[in-house]
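Heads up: the structure comes next, in structure tokens.
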Amino acid sequence: MNTIFRKSMLSVAGLAFAGGVFAGPIAAHANPATDAKPVAAAVQTAVSKPQGDQSHISLNDEQTANAKAIIAATKKAGLPERAAVISIATSLQESKLDNLGHLGDANDHDSLGLFQQRPSSGWGTPEQITNPEYSTTAFLKGLRQVDGWQDMPLTQAAQTVQVSAYPDAYAQWEQQATDLVAQHWNS
Numbered sequence: 009m010n011t012i013f014r015k016s017m018l019s020v021a022g023l024a025f026a027g028g029v030f031a032g033p034i035a036a037h038a039n040p041a042t043d044a045k046p047v048a049a050a051v052q053t054a055v056s057k058p059q060g061d062q063s064h065i066s067l068n069d070e071q072t073a074n075a076k077a078i079i080a081a082t083k084k085a086g087l088p089e090r091a092a093v094i095s096i097a098t099s100l101q102e103s104k105l106d107n108l109g110h111l112g113d114a115n116d117h118d119s120l121g122l123f124q125q126r127p128s129s130g131w132g133t134p135e136q137i138t139n140p141e142y143s144t145t146a147f148l149k150g151l152r153q154v155d156g157w158q159d160m161p162l163t164q165a166a167q168t169v170q171v172s173a174y175p176d177a178y179a180q181w182e183q184q185a186t187d188l189v190a191q192h193w194n195s
């Protein structure tokens with residue numbers, strides 16, 4: 009086999025492996041209490057203003073409770089406000105902060121919960137995925153594994169974890185997510 013072809017095949021295999029790592033839950037089942045990495049609480053990275061046109065929806069009490077649950081899980085994981093902003097923006101895009109159960113033919117495959125995570129992709133059982141704390145912890149576990157997530161645009165950080173068919177869609181929710189975190193982080 010010629011050297012150029014072999015190197016090309018190894019590169020493709022490496023990309024396929026990396027894609028496979030990020031397409032699944034990125035070790036969503038690990039115990040966050042024992043696997044948590046220390047976070048420098050005093051360091052808050054300055055991130056630029058939201059990208060592109062921003063969307064906004066009015067939230068009902070259940071959606072607000074789900075935003076607060078995402079914030080609580082983020083704090084429990086020892087992560088900064090930026091992680092909560094990314095998580096809430098992701099949930100706004102994926103479910104509009106509704107904890108989605110099985111929607112029959114309207115489901116995107118077997119996607120469930122706040123982040124439309126899939127049992128068939130290893131994110132957890134349907135019961136786990138529809139638990140806001142569990143699903144947020146699973147999302148955050150994936151986010152932690154993205155090198156430099158604190159400094160990347162929100163949509164890039166979210167897409168690296170979620171692997172969506174619409175990678176730029178997360179950006180439109182950054183302002184509303186930022187506002188929700190600012191409103192509820194200390195409450």
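Mapped onto our numbering, the consecutive letters of the sequence shown carry residue numbers 9 to 195.
We put the CB at the ideal spot given by N, CA and C, even for glycine.
Source: prediction; values computed, not measured.
Reduced DSSP secondary structure (H/G/I, E/B, other) of residue i
i	result
Thr-11	Legend: pLDDT at Thr-11 = 39, less than 50; position of this residue unreliable, no value from coordinates given.
Gln-180	helix
Gln-124	coil
Pro-175	coil
Leu-108	strand
Trp-157	helix
8 Å CB neighbourhood of residue i in its chain, flanking five on each side removed
i	result
Ser-103	Gly-121, Leu-122, Phe-123 and Gln-124
Lys-57	none
Pairwise C-alpha distance: residue j and residue i
i	j	result
Ser-66	Glu-89	22 Å
Pro-134	Asn-107	11 Å
Ser-129	Ala-173	15 Å
Ile-34	Gln-170	Any reading at Ile-34 needs caution, since the residue's pLDDT is 43, under 50, leaving its predicted position unreliable; the model's value is listed next. In a straight line, the C-alpha of Ile-34 is about 10 Å away from that of Gln-170.
Gln-183	Glu-141	23 Å
Where the alpha helix (DSSP H) containing residue i begins and where it ends
i	result
Lys-57	Neither: Lys-57 is in no alpha helix (DSSP H) and is coded neither H nor E.
Close beta carbons around residue i, own chain, < 7 Å, minus the five adjacent residues each side
i	result
Ala-91	Thr-82, Leu-148 and Leu-151
Ala-166	Ile-94, Ala-97, Thr-98 and Tyr-178
Contacting residues, own chain, Cβ-Cβ under 6 Å from residue i (five flanking each side not counted)
i	result
Ile-137	Leu-120, Gly-121, Gln-125, Trp-131 and Ser-143
Val-29	For Val-29, the predicted structure reports a pLDDT of 38, less than 50, and the residue's modelled location is therefore unreliable. A value from the coordinates is still provided. Within the same chain, Val-29 has no close Cβ partners at all.
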